[in-house]
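Enquirer:
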Amino acid sequence: MVADGAVALARPGRAAGLMATPSRGTLRKNWSSFEQNFEKARKLLKKLGYYNADISMRHYADPYDLNLRDGFDEANFRHLKDTGGTLVAAIRKYPALNPASLLIDRMSERISERFDHIWKNKKMQDPMAAVNAPDLRWIRDPARMEEIRRFIDTAQQPFFLNVHMMDTHGERFRPTRRIYSTEEDYPTLWSVDGYDDTIIDFDRRVGEIYDFLNQRNILESTILIISSDHGFNHNALGRLPMMLRLPGQEKTGVIGGNSQRLDIAPTLLDAIGIKPPDWMEGHSML
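In the numbering used here, the protein residues as written are 121 to 406.
(1) Report the rounded CA-to-CA distance for I384 versus D236, giving the unit in angstroms.
(2) Can you tell me where the alpha helix (DSSP H) with F332 in it begins and where it stops?
(3) Using the Cα positions of R297 and E233, report the straight-line distance between them to the nearest angstrom.
(4) For R264, which residues of its own chain have a beta-carbon under 6 Å away from its beta-carbon, when the five flanking residues on both sides are left out?
(5) Any idea what DSSP makes of L281, helix, strand or coil?
(6) Rounded to the nearest angstrom, how far is the Cβ of D317 from that of I299, given a contact under 8 Å?
(7) Could you check where the beta strand (DSSP E) with R365 kicks off and where it finishes?
(8) Do M286 and the ligand PLP come close, with the Cβ less than 6 Å from some heavy atom?
(9) Which of helix, strand or coil does DSSP assign to E461?
(10) Going by other Cβ atoms of all chains shown within 10 Å of its Cβ, with 16 needed for buried, is T342 buried or exposed?
(11) What's the gap between the Cα of V374 and the Cα of S301?
(12) Let me check one thing: in DSSP terms, what residues is I175 bridge-paired to?
(13) Which residues in the same chain have their Cβ closer than 7 Å to the Cβ of P386, if we skip the five residues on either side of it in sequence?
(14) What does the alpha-carbon distance come out to for the pair S228 and L165?
(15) Only counting the same chain, and skipping five residues up and downstream in sequence, which positions put a Cβ closer than 6 Å to that of G204?
(16) Quick one: give me the first and last residue of the alpha helix (DSSP H) that R269 is part of.
(17) So what does DSSP say about D398, is it helix, strand or coil?
(18) Leaving aside the five residues before and after R148 along the sequence, list all residues of the same chain whose C-beta is less than 6 Å from its C-beta, in chain order.
(19) Could you check where the alpha helix (DSSP H) with I384 kicks off and where it finishes?
(20) What did DSSP end up calling F293 once you bin it into helix, strand or coil?
(21) Quick one: grab the DSSP three-state call for I375.
The following block contains the structure:
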């Protein structure tokens, strides 16, 4: 398996075929603008009862603007609360006041954390933790593996989990085991041998996820997709990994032809028996 990797897990549950399939009219009932028409696959999954989580990087963009708030239940160790029916939701009806709604949203979140800190002795979250040492350990893959295990053990079912592994990103590579690199390579920026070792680390961690799902007896009801998010500038010249495992899959092999990350969303929907919406780009790989 090749890294700079992302792993997507979707557990449809035992009776995916019995899941209610919304008609096109049902999906469009609440659409009122062009921006809303392009709902992400995770929002469609959430409408079908999935519990969605994302473990990636926080890039400090407003999740509301990215159409993510209603798509994920958890994101980067945080629970995203539905703001429907609140003052924030009311303000968002007026585009000119959207900056104010974001401010109120952040203030209410911090005040809530402050009360929890005072009365429940809970640590307040540092909004810059994702980019400041020593909290950088939380973007390392060992910490992400801990979060993956926690999520799988505690998530409501069925679930969708998107994980972006980070240790294959430079400029300094920190593999947990060294095969090609040496300790002398550690200070070296963009060490090729260090990168090779982190790829092996990624391969090993995918195996750990596979084994963990098997131990929890949910491997055969889980869809696994492995892909990469880099290489677009090389177009068809740079080959990226795209690996798919379906529940109960009996045949394996290499499939010819081209695929792209845009194909992941319609593939997931197709795999659980949901017809991808007409507006969704990409094609099912099934």
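Backbone N, C-alpha and C fix where the C-beta goes; we use that ideal spot for every residue, glycine too.
Expert: Short version:
(1) Indexing the sequence shown from 1 puts residue 384 at position 264. Indexing the sequence shown from 1 puts residue 236 at position 116. Rounded to whole angstroms, I384 to D236 spans 39 Å at the Cα level.
(2) Within the sequence shown, residue 332 is the residue found at index 212, counting from 1. It spans V312 to Q335 - the alpha helix (DSSP H) in which F332 sits, taken as one unbroken run.
(3) Taking the first residue of the sequence shown as 1, we reach residue 297 at position 177. Taking the first residue of the sequence shown as 1, we reach residue 233 at position 113. Rounded to whole angstroms, R297 to E233 spans 38 Å at the Cα level.
(4) To locate residue 264, count along the sequence shown from 1; it is residue 144. Excluding positions up to five away in sequence, the list reads I175.
(5) Within the sequence shown, residue 281 is the residue found at index 161, counting from 1. Here L281 sits in strand by DSSP.
(6) Locating residue 317 in the sequence shown gives position 197, where the first residue counts as 1. Locating residue 299 in the sequence shown gives position 179, where the first residue counts as 1. Between I299 and D317 the Cβ distance is about 6 Å, and since that is below 8 Å, they are a contact.
(7) Counting from 1 along the sequence shown, the entry for residue 365 is found at position 245. From DSSP, the beta strand (DSSP E) with R365 extends over M362 to R365.
(8) Ligands are entirely absent from the displayed structure, and the ligand PLP is therefore not among its contents.
(9) Residue 461 falls outside the range modelled here, since the chain spans only 121 to 406, and no answer is possible.
(10) Mapped onto the sequence shown, residue 342 falls at position 222. Per the 10 Å Cβ criterion, buried.
(11) Here residue 374 is taken as the residue at index 254 of the sequence shown, counted from 1. Here residue 301 is taken as the residue at index 181 of the sequence shown, counted from 1. So the alpha carbons of these two residues sit roughly 30 Å apart.
(12) Position 55 of the sequence shown, counting from 1, holds the residue named residue 175. Answer by DSSP bridge pairing, in chain order: V283.
(13) Numbered from 1 along the sequence shown, position 266 holds the residue referred to as residue 386. Same-chain partners within the cutoff: P396, M400, G402, H403 and S404.
(14) What you label residue 228 is simply residue 108 of the sequence shown in a count that begins at 1. What you label residue 165 is simply residue 45 of the sequence shown in a count that begins at 1. Cα-Cα distance, rounded: 28 Å.
(15) Against the sequence shown, residue 204 aligns to sequence position 84. The predicted model places G204 with a pLDDT of 44, which falls under 50 and marks its position as unreliable, so this point remains unresolved.
(16) By one-based count along the sequence shown, residue 269 stands at place 149. Taken as a continuous stretch (DSSP letters only), the alpha helix (DSSP H) holding R269 covers D261 to T274.
(17) One-based indexing of the sequence shown puts residue 398 at position 278. Coil, per DSSP.
(18) In the sequence shown, counting from the first residue as 1, residue 148 sits at position 28. A caution first: R148 carries a pLDDT of 33, below 50, which makes its placement in the model unreliable, though a value can still be read off. Excluding positions up to five away in sequence, the list is empty.
(19) Residue numbering aside, residue 384 sits at position 264 when the sequence shown is read from its first letter. Where I384 is concerned, the enclosing alpha helix (DSSP H) stretches over I384 to A391.
(20) Working through the sequence shown from its first residue, we reach residue 293 at position 173. Coil at F293, not helix or strand.
(21) Along the sequence shown, one-based indexing puts residue 375 at 255. Coil, per DSSP.
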